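Be aware that the sequence shown starts at 6, since it is given in this note's numbering, and climbs by one per residue.
All residues carry an ideal CB built from backbone N, CA and C; glycine is no exception.
Note that the structure is a prediction, hence the values are computed from the model and not measured.
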Amino acid sequence: MEKTLIILKPDALQRGLAGRIITRFEEKGFQVVAMKQMLVSRELAEKHYAVHREKPFYPRLVSYITSSPVIVMVLQAINAIAVSRKMMGATFGSKAEPGTIRGDFGLSNSFNLIHGSDSPEAAAFEIGLYFKPDELLRFERAGERWIYDMSGSTPE
Ligand code: IDP
Ligand code: MG
């Protein structure tokens, strides 16, 4: 099982789309192991987006993510990172395929509703930035054995 950090960005909350986006992940079978609403500080945004520091869009990205509250989640699933990135779609709504979150809900080439970790290393780093270890709550789901094939030694 893999974990990923998902952020519903300020435009998702301001546009009242947070519930619908969370529902997509729930319906797919992801387990929510942590979730909170928060205002991202400039300091935290600069740490999170340090890899983009030299990019021309960096100042706008930092002001966007800090402009209004976000919902941050840790989601767990088999191949959580690749599956969630596919569900998010291409970076901007104008390019993202219909059927993806960005493709269905957005048009902007700057505001794009959602962040998702893009590698296991990024996921570990980002989860550590936003959550303390004891905020991750794994629990046994009643329906788990109908989401994964549990007949072998590991879920498939
Ligand atoms: P990703 O979110 O699809 O992984 P990245 O290239 O990692 O996209 O960029 C991180 C974030 O920076 C994007 O989600 C978006 O909010 C912002 N961003 C990326 N490229 C641009 C741009 O050309 N203009 C404005 N914002 C951008
Ligand atoms: Mg990225």
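Give the DSSP bridge partners of residue i, in chain order.
| i | result |
| --- | --- |
| A82 | E7 |
| L13 | I76, I119 |
| V37 | L80 |
Residue i: buried (16+ other C-beta within 10 angstroms of its C-beta) or exposed?
| i | result |
| --- | --- |
| D16 | buried |
| M78 | buried |
| K33 | exposed |
| A55 | exposed |
| M92 | buried |
| Q42 | exposed |
| Q36 | buried |
| N114 | exposed |
Tell me the DSSP secondary structure of residue i in three-state form.
| i | result |
| --- | --- |
| M43 | strand |
| P138 | helix |
| P74 | coil |
| P160 | coil |
Work out the CA separation of residue j and residue i for me, nearest whole Å.
| i | j | result |
| --- | --- | --- |
| P74 | L13 | 9 Å |
| R29 | V45 | 24 Å |
| T9 | Q81 | 7 Å |
| L66 | T96 | 13 Å |
| E145 | I106 | 27 Å |
| N117 | R90 | 13 Å |
| D133 | G94 | Reading the sequence as shown, one finds Gly at residue 133 and not Asp. Using only the alpha carbons, I get a separation of about 25 Å. |
For residue i, report the span of its alpha helix (DSSP H) as first-last.
| i | result |
| --- | --- |
| G24 | 23-33 |
| E102 | Segment: none, E102 is in no alpha helix (DSSP H) and carries neither H nor E. |
| E149 | 149-152 |
Could you please give the first and the last residue of the uninterrupted beta strand (DSSP E) stretch that includes residue i?
| i | result |
| --- | --- |
| G121 | 119-121 |
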